Each structure stands twice: as structure tokens, then as C-alpha cells.
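Read the structure below first, then the notes.
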Amino acid sequence: PNWSTRSGRAAWPTRRRHGCRSISAPSLAGSNGLPSTGTTLNDLAVTSSGVYVTDSLSPTLWRIAPGPDGKLTMEKWLDFTGTAFQYTTGYNADGIQATPDGRFLIVGALNTGKLYRIDIASKAVVEIDTGGADLTNADGIELVGDDLYVARNANNQIVKLDLADDWASGAVDTITTSPRFDFTAAIA
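Numbering (the numbering used here), first residue to last: 653 to 840.
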């Protein structure tokens, strides 16, 4: 389905006559295991299996999807503890994108600049080999074909990486800076 967010609400299409259902994010706090403190939901990726949401403070990848009863549920879909993605001090998981084939999620770590590929079917997490590219402050990311654009917020840069067909490695193609950039946090 096509999902969207607006004004702190998540919306998804239904088979109902008039389109979309929505739920406010605050109504999810305290339910489905989402703590009311110690978590920062940051960015999201839309796939056919749900909306995946990064948490910058807690080593968790959340998933929002309609349950069997049709009600929107939020689940602790993946605990990064013990995976290649080790949380450290500061903001961790931030930008997230789904690959065009829907098999993988790509997640950027703000504080370390590392990128990770997550297999949606197996939940396997691998670090993407970027050849040592400096991607610290990796905030928003956007995948266009096999090109991954990374907004480095405090650096006021957009880095374009050419990713391999298996999404497990990539190399910097270009680095763009501009006096118009001011804490570049997203790419559209």
C-alpha cells in the first residue's frame, strides 16, 4: 500500500469507499511496547509489508502495519542488539529507504556514518562497505535506482554513492556542497 504521514499522523489506504485511515503517533505511545521515554522515532520507509520506523536512541527498528483485525499496530520488529549495527552514544539509526525490489531496507547511522542493509525476509543486518567514505552526520537518505543520496546535516553536504546490485557495497560518486545548504537533513 501507499502510506503517508502528515501532522504527526500515519495514513494508509484501505478498501473503504473514501480512501485512507489514520492514527496519531501519540496514541501509539505506551502500546505495542513503544516506551514513552528513551526513544526517538526518526525516519520511515514504506513497503508492501508495512512502514518501518528508525529509533535513534533505542536499538530497535519498529514496524507499523494493519493487524489481522485491520487495526494499525506498531511492533518492535527488529532488535539491533547482537547484529552488525551496534548502537553507541548519541543518535544512531536515522535515514531509511527500501530498495526498489522491496527485499531490503537501507539504514544510515547519524553518529558513525555507517550504512546498513537489512534483509526484510530474514532480518539479517550487514554493514554496507562504502570503501571508508566519511558519512558522519548521515541524516536523510534517498535511493534513486542504485544511487543512494545521503544528506550530511552538520556538514551541509549531499553525498551520492553508487551502490552495487546486491546493495552490500558502494562507492562515492559525488559530494555536493552549496552555500544554500543549511543543516541539510532530508532529500526529496
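Positions of the beta carbon are idealized from the N, C-alpha and C atoms, including for glycine.
The structure presented is a predicted model; accordingly, all values stated were derived computationally and were not measured.
Provide the residue(s) that pair with residue i in DSSP beta bridges, ordered along the chain.
i	result
L693	D707
Q749	I758
A823	D814
L787	None, per the DSSP bridge assignment.
G702	T699
Could you spell out where the beta strand (DSSP E) holding residue i opens and where it closes?
i	result
G765	Segment: none, G765 is in no beta strand (DSSP E) and carries neither H nor E.
K723	Looking at the DSSP string, K723 is not in any beta strand (DSSP E), and its letter there is neither H nor E.
L795	790 to 796
Specify the secondary structure class of residue i as computed by DSSP and reduced to three states.
i	result
A806	coil
S716	According to the sequence shown, residue 716 is Ile rather than Ser. In the structure shown, I716 sits in a strand (DSSP, three-state: E or B).
Y801	strand
S676	Low per-residue confidence applies at S676: pLDDT is 42, beneath 50, and the placement is therefore not dependable, though the value from the model is reported in the following sentence. Strand, per DSSP.
D771	strand
T828	strand
D834	coil
A681	Model confidence at A681 stands at a pLDDT of 49, short of 50, so the residue's coordinates are unreliable and nothing is read from them.
Sorted by chain position, which residues of the same chain lie with C-beta nearer than 7 Å to residue i's C-beta, five sequence neighbours on each side aside?
i	result
T826	K812
Y739	P711, F732
T828	Q809, I810
L800	I758, I793, L813, L815, G822
Excluding the 5 residues preceding and the 5 following residue i in the sequence, name in chain order all residues of the same chain whose CB lies nearer than 6 Å to its CB.
i	result
L730	L713, K775
A806	N789
S679	Caution applies to S679, whose pLDDT of 45 falls short of 50 and renders its modelled position unreliable; the model cannot decide the point.
T699	A750, G754
G742	N763
L795	Q749
F833	N808
T733	P711
F835	N805
Whose C-beta lies closer than 8 Å to the C-beta of residue i among residues of the same chain, with five residues either side of it excluded?
i	result
G780	Correcting the residue type first, residue 780 is Ile in the shown sequence and not Gly. I758, K766, L767, Y768, R769, L815, W819, A820, S821, G822.
A761	F737, N744, A745, D746, L767, Y768, A790
T691	D707, L709, S710, T712
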